[in-house]
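Numbering (UniProt numbering), first residue to last: 1 to 241.
Backbone N, C-alpha and C fix where the C-beta goes; we use that ideal spot for every residue, glycine too.
Each remark here refers to the structure printed beneath this line.
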């Protein structure tokens, strides 16, 4: 890992989001099948996660599989399911050694049973860890998350526990997958694509974005350090002056 002492902890984001984009293009550039790019991207996910933990990031949310990704070719989706299971099994020990708490955000009930079982096991064995919180967004979509939260609040109204005029932003936030966590300070998107792709829509109202023209499998700790330095230079006004 890179030397973390060059970073100033006071200027680090408390919550960092990463849209892990560009695996398919990475493979295509090398004449490889798309699953090869996903495999290399998964290996880099492990490297970058451990690096974030080592430099003092408190919360890391990574976009692994969106609700829209089901529209990809069936063979690619199937390969991704196998890859998720493989890398969760391989990475869990390292994450636990680094005291990382692993959470999953999104509707994981639609995944294959063996993957659901591993997701539950991963949460169970890591839930009492006190280090960095790693949110892995799987079958996640920002609109679906907000809809889920609104339904939870609507149910309370239906049960007579709440009046519509009593609904607050805090109530919505308390029913999001990230309830109890700070909003992301910074979201990084490798691949050079200037869009948010339905990622943490509610939570990113005042999030800083850094888009980098490098594909995710090639994204290094040095690239991350550059993005963190760029974040530290910004004046966050949160709608004020």
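Residue i - DSSP class collapsed to helix/strand/coil
i: residue 173; result: helix
i: residue 57; result: coil
i: residue 34; result: helix
i: residue 196; result: coil
i: residue 157; result: helix
i: residue 19; result: strand
i: residue 202; result: coil
i: residue 151; result: helix
i: residue 12; result: coil
i: residue 182; result: coil
i: residue 45; result: helix
i: residue 219; result: coil
i: residue 228; result: helix
Beta-carbon proximity check, residue i vs residue j, cutoff 8 angstroms
i: residue 224; j: residue 51; result: yes
i: residue 221; j: residue 22; result: no
i: residue 177; j: residue 239; result: no
i: residue 79; j: residue 38; result: yes
i: residue 132; j: residue 60; result: yes
i: residue 25; j: residue 215; result: yes
i: residue 104; j: residue 123; result: yes
i: residue 184; j: residue 12; result: no
Expected contact under 8 angstroms - CB spacing of residue i and residue j to nearest Å
i: residue 100; j: residue 143; result: Not quite, the Cβ-Cβ distance comes to about 28 angstroms (not below 8 angstroms), so this is no contact.
i: residue 213; j: residue 192; result: 4 angstroms
i: residue 71; j: residue 198; result: Actually they do not touch by this definition, with Cβ atoms about 13 angstroms apart.
i: residue 172; j: residue 149; result: 5 angstroms
i: residue 235; j: residue 211; result: With 8 angstroms as the limit, residue 235 and residue 211 do not qualify as a contact, their Cβ atoms being about 19 angstroms apart.
DSSP bridge partner residues for residue i (one or two, in chain order)
i: residue 212; result: 190
Segments of 3+ residues assigned as beta strand (DSSP E) that fall wholly inside the region 61-147: List check, beta strand (DSSP E) in window: 101-105, 133-140.
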